[in-house]
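Residues in the sequence shown are numbered from 36 upward in steps of one, following our numbering.
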Amino acid sequence: MNGEWKMNTKILFSDLDGTLLNAKKEITPASKAAIEEMISKGHKFMMATGRPIQSALKLAESFGFIQPGFYISSYNGALIYDCYEKKTIQKLAIPYEHVRFLFDKAHSFQLHCHTYSRTHVLSEKDTEELELYKNHIQMPALVVPDIMDALEEEPIKIIVMNLKDQRKLVDFQKYMADWADKKMNSVFSQPILLEYGSYLASKGNSLKFMCQYFQIPIENSVAVGDEQNDISMLQAAGVGVVMKNGTDIAKEYADYITKKDNNEDGIQEVIEKFIL
């Protein structure tokens, strides 16, 4: 019976911004009801986001997603969290020496760079990018003289930003590619946000890990997103879904594109078609 239950259990990995969340950073009532229905039937729901765990958990709590069956893959898969048990399942950190090197290189390109403590966004410079970011994720920020002195443990993600010219970020990513090989992953979660994390961390790897963790067949997994940093989980999942409002590059990897966007119950459409 236990094996049969696992064979019938499905798991849905959903990106947040532009996917689960509408323009008001809320979940539509119909999509929320569909999520609750799938949980009531024994399926599992994972919020898969580039956001830090503090920001994602605050959203989960506000939506009531703290009962059995709800999980978070934060920092683009580098930290996996059980919302009900309130415990970390997996954590993939960035070595200190890579932190200092990346910050110095970003500053040499005159780009904003920040990372995180357990409670704050940490930056060595007070920038327009820092102000925008902390307001977006609703997390306080600290400007510190030396990032290495401010860190109490190896961080999980570093973000490089530029509000005015995305080409500078693209050029920076290309410049850093040889150094980053087999050290760090880099991916754009938005055109202005270039994210660096452990080379073992990705939304796709978190999907594979969770399927193995729960012994759920990979073909029973569904991933839905809208941006470049969702591609790894679109490729890894049994079914990869891209929102109607998704980017063209993400849609190239879709098994299915929703007829409704993130403001129009797109998640409900996915759940009714592939989960229930």
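Ideal Cβ positions, reconstructed from N, Cα and C, are used throughout, including at glycine.
Given the structure is predicted, the values throughout are model-derived calculations rather than measurements.
So, are the CB atoms of residue i and residue j less than 9 Å apart?
i, j, result
"K45", "F309", "yes"
"V259", "L94", "no"
"T84", "M278", "no"
"S66", "I251", "no"
"K203", "Y231", "no"
"L229", "V178", "no"
"E189", "V134", "yes"
"V257", "A272", "yes"
Take residue i as the anchor and find which of the options has the nearest alpha-carbon.
i, options, result
"A354", "K122, L198 and T150", "An answer regarding residue 354 cannot be provided, because it is not within the stretch 36 to 311 covered by the chain."
"S100", "C118, K192 and G85", "According to the sequence displayed, residue 100 carries Phe and not Ser. If we check each option's Cα against that of F100, C118 comes out closest."
"I227", "K199, G112 and E254", "K199"
"P103", "H155, E72 and G112", "E72"
"D52", "I306, Y291 and T282", "T282"
"A176", "I284, P87 and F249", "P87"
"M81", "L114, S49, E304 and L92", "S49"
"E312", "G275, K295, N297 and N298", "For residue 312 there is no data in the structure shown, the boundaries of the chain being 36 and 311."
"K295", "A289, A285, N280 and I284", "N280"
"L284", "D300, N255, V222 and S256", "Looking at the sequence itself, residue 284 is Ile, so the reference to Leu does not match. With distances taken between Cα atoms, I284 lies closest to V222."
"S237", "Y248, G112 and T63", "G112"
"S90", "I70, K60 and P64", "K60"
"L114", "Q201, A69, F136 and L242", "L242"
"S109", "L311, N298, A289 and S233", "S233"
Rounded to the nearest angstrom, how far is the Cβ of residue i from that of residue j, given a contact under 8 Å?
i, j, result
"L165", "I182", "Rounded, the Cβ-Cβ distance is 13 Å, inconsistent with contact."
"E307", "T293", "Contact doesn't hold; Cβ gap of about 11 Å is too wide."
"S224", "E163", "Not confirmed; about 18 Å, so no contact."
"I107", "Y116", "4 Å"
"T154", "D300", "In fact, because the Cβ distance is near 35 Å, the residues do not count as touching under 8 Å."
Is residue i buried or exposed, if buried means 16 or more other CB atoms sit within 10 Å of its CB?
i, result
"N240", "buried"
"I253", "exposed"
"D216", "exposed"
"F105", "buried"
"L235", "exposed"
"L167", "exposed"
"S97", "exposed"
"N43", "exposed"
"L92", "buried"
"L137", "buried"
I'd like to know whether the C-beta of residue i is nearer than 9 Å to at least one C-beta of chain C.
i, result
"N170", "Here there is only one protein chain, and chain C is not present."
contact_flag[the region 202-216, the region 61-80] where n(CB pairs < 8 Å) is 3 or more: Taking 8 Å as the limit for Cβ pairs, the verdict is that the region 61-80 does not touch the region 202-216.
field: Any 3 or more C-beta pairs closer than 8 Å across the region 133-144 and the region 170-178
entry: Contact fails: fewer than three Cβ-Cβ distances are below 8 Å.
message: With three or more C-beta pairs closer than 8 Å as the rule, is the region 145-161 touching the region 113-127?
response: The region 113-127, when compared against the region 145-161, does not touch it at the 8 Å Cβ threshold.
field: At least three beta-carbon pairs within less than 8 Å, the region 56-63 to the region 253-269
entry: Fewer than three beta-carbon pairs drawn from the region 56-63 and the region 253-269 are found closer than 8 Å, and the two stretches are therefore not classed as touching.
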